[in-house]
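Student: In full-length UniProt numbering, the protein residues as written are 1 to 551.
Glycine included, every Cβ here is placed at the ideal spot set by N, Cα and C.
Below are the structure tokens for one structure; questions will follow.
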């Protein structure tokens, strides 16, 4: 090869010189490899990990005691309180000031637990984020509003009817491409004088369950309150006159479960927010695999919950034993057999039956003697004892039972969490036009979410219980601060949070407090921290959930 100006040919060196050169080169290579391994290895809290958390890794995330960036994935005990102290629950009086007899919470007490109509985000109490943050995306989930009891929670014979003649549940189909339009038909339950088969439990013109007229009104008010915050106060949502437009459809989504009561609520919420009676699509997943209710099959997760509630579980059996005298009195008044497993594995059935009456201003039940009410009735202090035990049970199932409680909730509800993570990533990356996603669900849905986020003081989520995820972007202070997340992630000295995206989580309208130290008071948590926590538990795109459900 001819000599070039850049690489001139030199005479060959002696063998000794060659050996010396090889030693020097080898030493340099070893030093370079070590240095690169230290420089390129992701550090806890580095923006490389932030980028992986925000944009995803493309594979199953960590599933151990720590996630990306050292995020803590372990269970942490909730705070000790009157709710999870069995001694105070059994011997106590009242229900800690909780409300059970009206949807209307006085303004000076708003924020107090109200089983009939839980506090939610509204303009009066809402605390705006600092001006340095810009709201970019909101996803919320809430329980449906108040309803009639489930038929399975009725006494064998109920002492009075429950009628729903002041409302209509509309059911009809409409072909979109046809000029033929449907009438607005609704169901009217009636009692046939000829049909000799009489249903057990509740008799009347209601479905059991259905959202009551009062619950529908509560739903409308809930929607109006949300619009008052996210449009009127913050200017985040589009105006009401855009409802139904292509731009509105791209920005706003509502989702329900396969249980019709969530659709009954959603219709009222939509009108409360937007003032529209026009047709509005509600997203829904297929029956049997729905992640919101949830309905997907998860035998291992179900087994964990069963273990928590089994007689072999000492704390659970201890609370059932302590509730023995209460059960004996309730069974005598209600006529429920003592061997009815549904009523006696927990206080759930009695809780639903009694609280639904009180929320709708109906009397507590009395013992039937010869088909007529006697003077032996459920007194308020007995109902209060049921409510206290119900809260203890929910705290036990979803928080106090240790790692099993977290593992059960993750397995049974992890798909929805992964969907939320996907929505947050899409908002950060600008890949989605949706800015507001509204889920209407159930107490089992909300309870599992509270369990996964490790709520510091667990309660039974009441009617309308709400959790809101607000995604913010920190505003640029100068033109030099406008770098993208990807650019920041490339800087080796960047810290967690320098992506500029943060999440605030609200529970009952107040900042969520988690027992997990990586989450803590969830007021502007770096989005990469929350995503690393979610990915570590459920896997990106729920990649870990099938394994957790079959383990």
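Taking just the CA atoms, how far does residue 113 sit from residue 520?
Tutor: Here the question's residue 520 lines up with position 520 in the chain shown. Here the question's residue 113 lines up with position 113 in the chain shown. One C-alpha to the other measures close to 22 Å.
Student: How big is the Cα-Cα spacing for residue 50 and residue 69?
Tutor: Within the chain shown, residue 50 is the residue found at index 50, counting from 1. Within the chain shown, residue 69 is the residue found at index 69, counting from 1. Because the pLDDT of residue 50 is 47, which lies under 50, any placement of that residue in the model is unreliable, and the number read from its coordinates should be weighed accordingly. Straight-line Cα distance between these residues: approximately 8 Å.
Student: Can you check DSSP and say which residues form a bridge with residue 172?
Tutor: By 1-based counting over the chain shown, the position of residue 172 is 172. Answer is none; residue 172 lacks a bridge partner.
Student: From 134, 95 and 96, pick the residue whose C-alpha is nearest to that of residue 477; which is it?
Tutor: Reading the chain shown from its first residue, position 477 is the one you call residue 477. The option with the nearest alpha carbon to residue 477 is 134.
Student: Quick check: the stretch 365-382 against the stretch 67-83, are at least 3 beta-carbon pairs closer than 8 Å?
Tutor: As far as the Cβ criterion goes, the stretch 67-83 does not touch the stretch 365-382, which means the pair count is below three.
Student: Going by C-alpha to C-alpha distance, which of 202, 237, 368 and 320 sits closest to residue 153?
Tutor: For the purposes of this step, residue 153 is taken as residue 153 along the chain shown, with counting starting at 1. Checking every option, the nearest Cα to that of residue 153 belongs to 202.
Student: Using the C-alpha atoms, what's the distance from residue 183 back to residue 205?
Tutor: Locating residue 205 in the chain shown gives position 205, where the first residue counts as 1. Locating residue 183 in the chain shown gives position 183, where the first residue counts as 1. If I take the Cα positions, the gap works out to 22 Å.
Student: Which first and last residues belong to the alpha helix (DSSP H) in which residue 374 is found?
Tutor: To locate residue 374, count along the chain shown from 1; it is residue 374. From DSSP, residue 374 is part of no alpha helix (DSSP H) but of the beta strand (DSSP E) over 372-377.
Student: Hey, out of 313, 325, 307 and 460, whose CA is closest to residue 408's CA?
Tutor: Locating residue 408 in the chain shown gives position 408, where the first residue counts as 1. For residue 408, the nearest C-alpha among the options comes from 307.
Student: Taking 8 Å as the limit between beta carbons, can you name the residues of its chain near residue 472, skipping five residues before and five after?
Tutor: Within the chain shown, residue 472 is the residue found at index 472, counting from 1. Cβ within range, chain order: 129, 133, 134, 135, 136, 501, 502, 503, 504 and 524.
Student: Please look up how many angstroms separate the CB atoms of residue 144 and residue 221, rounded, as I've assumed it's under 8 Å.
Tutor: Along the chain shown, read from residue 1 onward, the residue named residue 144 stands at position 144. Along the chain shown, read from residue 1 onward, the residue named residue 221 stands at position 221. Their Cβ separation, rounded to whole angstroms, is 14 Å, which puts residue 144 and residue 221 out of contact at 8 Å.
Student: Using only the alpha-carbon positions, how far apart do residue 320 and residue 155 sit?
Tutor: Here the question's residue 320 lines up with position 320 in the chain shown. Here the question's residue 155 lines up with position 155 in the chain shown. The straight-line gap from Cα to Cα measures roughly 20 Å.
Student: Could you round the C-beta distance between residue 411 and residue 451 to whole angstroms and report it? I think they count as a contact, below 8 Å.
Tutor: Position 411 of the chain shown, counting from 1, holds the residue named residue 411. Position 451 of the chain shown, counting from 1, holds the residue named residue 451. Their Cβ separation, rounded to whole angstroms, is 11 Å, which puts residue 411 and residue 451 out of contact at 8 Å.
Student: Residue 532 and residue 71 - do their beta-carbons sit closer together than 7 Å?
Tutor: Taking the chain shown and counting its residues from 1, one reaches residue 71 at position 71. Taking the chain shown and counting its residues from 1, one reaches residue 532 at position 532. A contact, by the Cβ cut-off of 7 Å.
Student: On the DSSP bridge list, what partners appear for residue 388?
Tutor: As a position in the chain shown, residue 388 is number 388, starting the count at 1. Residue 388 pairs with nothing; no bridge assigned.
Student: Tell me whether the beta-carbon of residue 119 lies closer than 7 Å to the beta-carbon of residue 509.
Tutor: Sequence index remark: in the chain shown, residue 119 carries index 119 (1-based). Sequence index remark: in the chain shown, residue 509 carries index 509 (1-based). Going by C-beta atoms, residue 119 is nearer than 7 Å to residue 509.
Student: Could you give the distance in angstroms between the alpha-carbon of residue 326 and the alpha-carbon of residue 173?
Tutor: Numbered from its first residue, the chain shown carries residue 326 at position 326. Numbered from its first residue, the chain shown carries residue 173 at position 173. Roughly 48 Å between the two C-alpha positions.
Student: So is residue 539 buried or exposed if we call it buried at 16+ other beta carbons inside 10 Å?
Tutor: The residue given as residue 539 occupies position 539 in the chain shown. Answer is buried; the Cβ neighbour count reaches 16.
Student: For a minimum of 4 consecutive residues, which ranges assigned as the alpha helix (DSSP H) are wholly contained in the stretch 256-297?
Tutor: Fully enclosed alpha helix (DSSP H) runs of 4 or longer: 260-274.
Student: Could you tell me the alpha carbon to alpha carbon distance between residue 140 and residue 252, rounded to whole angstroms?
Tutor: Along the chain shown, read from residue 1 onward, the residue named residue 140 stands at position 140. Along the chain shown, read from residue 1 onward, the residue named residue 252 stands at position 252. Cα to Cα, residue 140 sits roughly 12 Å from residue 252.
Student: Would you please state the rounded distance, in angstroms, between the beta carbons of residue 287 and residue 258? I believe it to be under 8 Å.
Tutor: Position 287 of the chain shown, counted from the start, is the residue given in the question as residue 287. Position 258 of the chain shown, counted from the start, is the residue given in the question as residue 258. Right, the Cβ-Cβ distance comes to about 5 Å (below 8 Å), so this counts as a contact.
Student: In whole angstroms, what separates the C-alpha of residue 461 from that of residue 443?
Tutor: Mapped onto the chain shown, residue 461 falls at position 461. Mapped onto the chain shown, residue 443 falls at position 443. Approximately 6 Å, taken between the alpha carbons.
Student: Write down every uninterrupted run of the beta strand (DSSP E) in the stretch 103-158 whose length is 3 residues or greater and which is fully enclosed by it, in chain order.
Tutor: If we require 3 residues or more, the beta strand (DSSP E) runs fully inside the stretch 103-158 come out as 133-143.
Student: Looking at residue 432 and residue 426, is the spacing between their C-beta atoms short of 7 Å?
Tutor: The residue you call residue 426 lines up with position 426 of the chain shown. The residue you call residue 432 lines up with position 432 of the chain shown. Yes, they are a contact pair.
Student: Quick one: what's residue 466 bridged to in DSSP?
Tutor: Taking the first residue of the chain shown as 1, we reach residue 466 at position 466. Residue 466 pairs with 142.
Student: Whose C-alpha, out of 189, 293, 436 and 365, is nearest the C-alpha of residue 263?
Tutor: The residue given as residue 263 occupies position 263 in the chain shown. For the residues 189, 293, 436 and 365, the minimum Cα distance to residue 263 belongs to 293.
Student: To the nearest angstrom, how far is it from the Cα of residue 39 to the Cα of residue 421?
Tutor: Residue numbering aside, residue 39 sits at position 39 when the chain shown is read from its first letter. Residue numbering aside, residue 421 sits at position 421 when the chain shown is read from its first letter. Note that residue 39 has pLDDT 33, beneath the 50 cutoff, so the model's placement of it is unreliable and no number is given.
Student: Drop a sphere of 10 angstroms on the beta-carbon of residue 436, count the other beta-carbons inside from all chains shown, and report buried for 16 or more, exposed for fewer.
Tutor: As a working mapping, residue 436 is identified with position 436 in the chain shown. With 16 or more other Cβ atoms within 10 Å, it is buried.
Student: Distance check for residue 445 and residue 88, CA to CA, integer angstroms please.
Tutor: Here residue 88 is taken as the residue at index 88 of the chain shown, counted from 1. Here residue 445 is taken as the residue at index 445 of the chain shown, counted from 1. Approximately 28 Å between the Cα atoms of the pair.
Student: So, helix, strand or coil for residue 71, using DSSP?
Tutor: If you number the chain shown from 1, residue 71 lands on position 71. Residue 71: coil per DSSP, three-state reduction.
Student: Within 10 angstroms of its Cβ, does residue 379 collect 16 or more other Cβ (buried), or is it exposed?
Tutor: Here the question's residue 379 lines up with position 379 in the chain shown. Result: exposed.
Student: Tell me the rounded alpha-carbon separation between residue 527 and residue 469.
Tutor: Taking the first residue of the chain shown as 1, we reach residue 527 at position 527. Taking the first residue of the chain shown as 1, we reach residue 469 at position 469. The straight-line gap from Cα to Cα measures roughly 11 Å.
Student: Kindly indicate which three-state DSSP category residue 100 falls into: helix, strand or coil?
Tutor: On the chain shown, residue 100 is found 100 positions in, with the first residue counted as 1. Here residue 100 sits in coil by DSSP.
Student: Between the alpha carbons of residue 149 and residue 158, how many angstroms are there, rounded?
Tutor: Mapped onto the chain shown, residue 149 falls at position 149. Mapped onto the chain shown, residue 158 falls at position 158. Cα to Cα, residue 149 sits roughly 12 Å from residue 158.
Student: Between 398, 370, 383 and 310, which lies nearest to residue 352 when the distance is taken from Cα to Cα?
Tutor: For this step, residue 352 is matched to residue 352 along the chain shown. Among 398, 370, 383 and 310, the Cα nearest to that of residue 352 is on 383.
Student: Find the nearest neighbour of residue 176 within the set 269, 131, 281 and 224, judged by alpha-carbon distance.
Tutor: Residue 176 sits at position 176 when you count from the first residue of the chain shown. Taking only the C-alpha atoms, the option nearest residue 176 is 281.
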